[in-house]
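Notes for the one structure printed next.
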């Protein structure tokens, strides 16, 4: 990012906050699934990090606020329209503003495979107190929830742009700070775990060449790139406020990686302005879905006069390798140039996507949608089974264009309209993901607590064939008839977390209360049983929500109040005010609707504060009323 005075920070923060609480519109969403090409840009934001994992791309970028956010999509182009979720927000003085340059990595931590977000954040609306911070995921889901682990670099000096590097059996961190000679330089240190460097680090590279000093002497944003036993560090040089912000590269020569003598610098920039892309830099690398390509994600501007603020957009393109396994970056692609999607993106893909599992309970029979055989191959038909069947669990995974794919939790295959049929009675089956509209579905609420589930390609809904209710009976597609054989209650399966899309904080009961009257609040994720929840079926397709610490009680609208702001309290189950519908929204979140009042759960004031109430409010269709169900 570069150390300079950012007088526009307050204006940026105000604009970002306004965007969070505004109603969400989907009018501009593109048909991203199944297209063989895309055009840059893919996200409105700078300093991107992108990872592909188990069927989805995950992107985080600079927010300028106290929030770390993330988007996900099964297609790279879908990141343009994917909803942005807050995965962490911080109100702690000194680390509660101006988030820059997150870096997402999956690492083997002390508790197994976890996702780590290393990012830069400082004091309120100031760029002069920036330091690195680390978050660790609760499980193996890149979307979190995340737990704050601390500051990895043991110094109070200004430092930014952290990244991880694994070399041999050692873990290193890379970052940028001001060297004793006053130049902004890259540093390296060994780590004892993903949130602790073993010392203050050593100098890695300095801006000594002409191409590194345009507008200011800057080396920043170092990230590793590895192939066939070779290791490189790619970094950004010159001022980000100039059109000559560009990428340079260090090549590892052997020896101690923490010594600058073990690296040699490229003779010039390896990636610089061209084709109407200015200031291309602060990059990250990710691998295509089939593992055969390396992609370069970076930010750039459309005009030479644009600088280091919100005009920067995220772009991506593949790089190639020469016969010596050295990277060949080529030039930034024009935003009007069609690029082939990453190899393997169009499938076939079988993957256990990272998400909580749901069950689809037929309103007529009370049985769940499952698949017919085990093991479960392509073509296995959709049938009704008892909800205890392992294959009766599904992941609702947003395709970032207003629709979902339904991925079976056992097989990793997607719900599919057989042969893309259009006639009544067309089969519903599972198939490897091949990125077409026959594998996309959308729930629509009914007058009860249930939904119908329509296929994007043919418009027909899932239907219990002949209204059968016995285990093993088929589920097909049929024109909507408005009967209970086509209605489904959607229930999160097992013990789950519930996280605000606006704050990244979790549903929580104060002090793990198991008493009547305890009021629902949000709190940062602390891996507490007070933050774990179960759902049980009620009448007419509705659900009841129980804290894991008080399974005999339910979340209720206090006193059955119809007013906006009425608290949500723990109380006796069975009344109308204890019944809820968990409704997937078209942007990939969940909305909770009260059966008693028709109002929705709402984060009071869209607050980031621990202890902020989760109450009910009229539906405003904004981020403050959207939540994520987490494993």
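Numbering (mature numbering (1 follows the signal peptide of the UniProt record, and there is no 0)), first residue to last: -27 to -1, 1 to 604. Backbone N, C-alpha and C fix where the C-beta goes; we use that ideal spot for every residue, glycine too. Small disclaimer: the values here were computed from a predicted structure and weren't measured.
Element boundaries [beta strand (DSSP E), containing residue i]
| i | result |
| --- | --- |
| residue 29 | 29 to 33 |
| residue 281 | No beta strand (DSSP E) contains residue 281, which DSSP labels as neither H nor E. |
| residue 81 | 70 to 82 |
| residue 121 | 119 to 123 |
| residue 527 | 526 to 530 |
| residue 59 | 58 to 62 |
| residue 269 | 267 to 274 |
| residue 588 | 587 to 590 |
| residue 663 | Given that the chain is displayed from residue -27 to residue 604, the structure contains no residue 663 and the question cannot be resolved. |
| residue 254 | 251 to 260 |
| residue 472 | 470 to 473 |
| residue 508 | 506 to 510 |
| residue 158 | 157 to 166 |
| residue 602 | 600 to 603 |
| residue 415 | 414 to 418 |
| residue 25 | 22 to 26 |
| residue 574 | 573 to 576 |
| residue 426 | 424 to 428 |
| residue 520 | 516 to 520 |
Selected residue, minimal CA-CA separation from residue i, among the options
| i | options | result |
| --- | --- | --- |
| residue 422 | 184, 434, 464 | 464 |
| residue 285 | 346, 340, 215 | 215 |
| residue 142 | 165, 152, 209 | 165 |
| residue 381 | 102, 312, 367, 49 | 367 |
| residue 441 | 419, 336, 510, 373 | 336 |
| residue 457 | 178, 58, 334, 150 | 334 |
| residue 199 | 209, 192, 260, 174 | 260 |
| residue 498 | 536, 111, 475, 101 | 111 |
| residue 560 | 374, 8, 301, 429 | 374 |
| residue 551 | 525, 186, 235, 394 | 525 |
| residue 355 | 267, 310, 448, 341 | 448 |
| residue 75 | 104, 56, 14, 131 | 104 |
| residue 451 | 523, 433, 467 | 433 |
| residue 437 | 341, 396, 573 | 341 |
| residue 315 | 408, 172, 173 | 408 |
Straight-line gap, residue i to residue j (C-alpha atoms, nearest Å)
| i | j | result |
| --- | --- | --- |
| residue 599 | residue 390 | 29 Å |
| residue 12 | residue 24 | 19 Å |
| residue 146 | residue 87 | 17 Å |
| residue 1 | residue 297 | In this prediction, residue 1 has a pLDDT of 40, which is less than 50 and means its spatial position is unreliable; what the coordinates show is noted afterwards. Approximately 44 Å between the Cα atoms of the pair. |
| residue 415 | residue 376 | 5 Å |
| residue 144 | residue 405 | 36 Å |
| residue -6 | residue 534 | Low local confidence applies: a pLDDT of 40 at residue -6 is under 50, so the model's placement there is unreliable, with the coordinate-based value given in what follows. Answer to the nearest angstrom: the Cα atoms are 26 Å apart. |
| residue 93 | residue 159 | 15 Å |
| residue 479 | residue 328 | 16 Å |
| residue 263 | residue 28 | 10 Å |
| residue 392 | residue 604 | 32 Å |
| residue 506 | residue 293 | 47 Å |
| residue 528 | residue 475 | 21 Å |
| residue 77 | residue 32 | 8 Å |
| residue 257 | residue 226 | 22 Å |
| residue 588 | residue 494 | 8 Å |
| residue 175 | residue 233 | 8 Å |
| residue 82 | residue 132 | 24 Å |
| residue 124 | residue 536 | 43 Å |
| residue 352 | residue 413 | 16 Å |
| residue 359 | residue 444 | 7 Å |
| residue -15 | residue 95 | For residue -15, the predicted structure reports a pLDDT of 45, less than 50, and the residue's modelled location is therefore unreliable. The matter cannot be settled from this model. |
| residue 240 | residue 266 | 25 Å |
| residue 197 | residue 523 | 47 Å |
| residue 322 | residue 280 | 40 Å |
| residue 272 | residue 491 | 47 Å |
Bridge partner(s) assigned by DSSP for residue i
| i | result |
| --- | --- |
| residue 45 | 31 |
| residue 138 | 145 |
| residue 92 | 106 |
| residue 479 | 472, 496 |
| residue 549 | The partner list for residue 549 (beta bridge, DSSP) is empty, contrary to what the question assumes. |
| residue 556 | 564 |
| residue 543 | 528 |
| residue 459 | For residue 459, which the question treats as bridged, DSSP gives no partner whatsoever. |
| residue 609 | Residue 609 is absent from the structure shown; the chain starts at -27 and stops at 604. |
| residue 85 | 82 |
| residue 290 | 269 |
| residue 401 | 390 |
| residue 133 | 149 |
Discussion item. Give the list of continuous beta strand (DSSP E) stretches no shorter than 3 residues that lie fully inside the segment 173 to 239.
Written reply: Counting only runs of 3+ residues, the beta strand (DSSP E) found wholly inside the segment 173 to 239 occupies 175 to 178, 192 to 200, 203 to 210, 219 to 225, 236 to 238, in chain order.
Fill in: Segments assigned beta strand (DSSP E), at least 3 residues, entirely inside the segment 323 to 396
You should have 331 to 335, 341 to 344, 355 to 358, 367 to 371, 377 to 381, 387 to 390.
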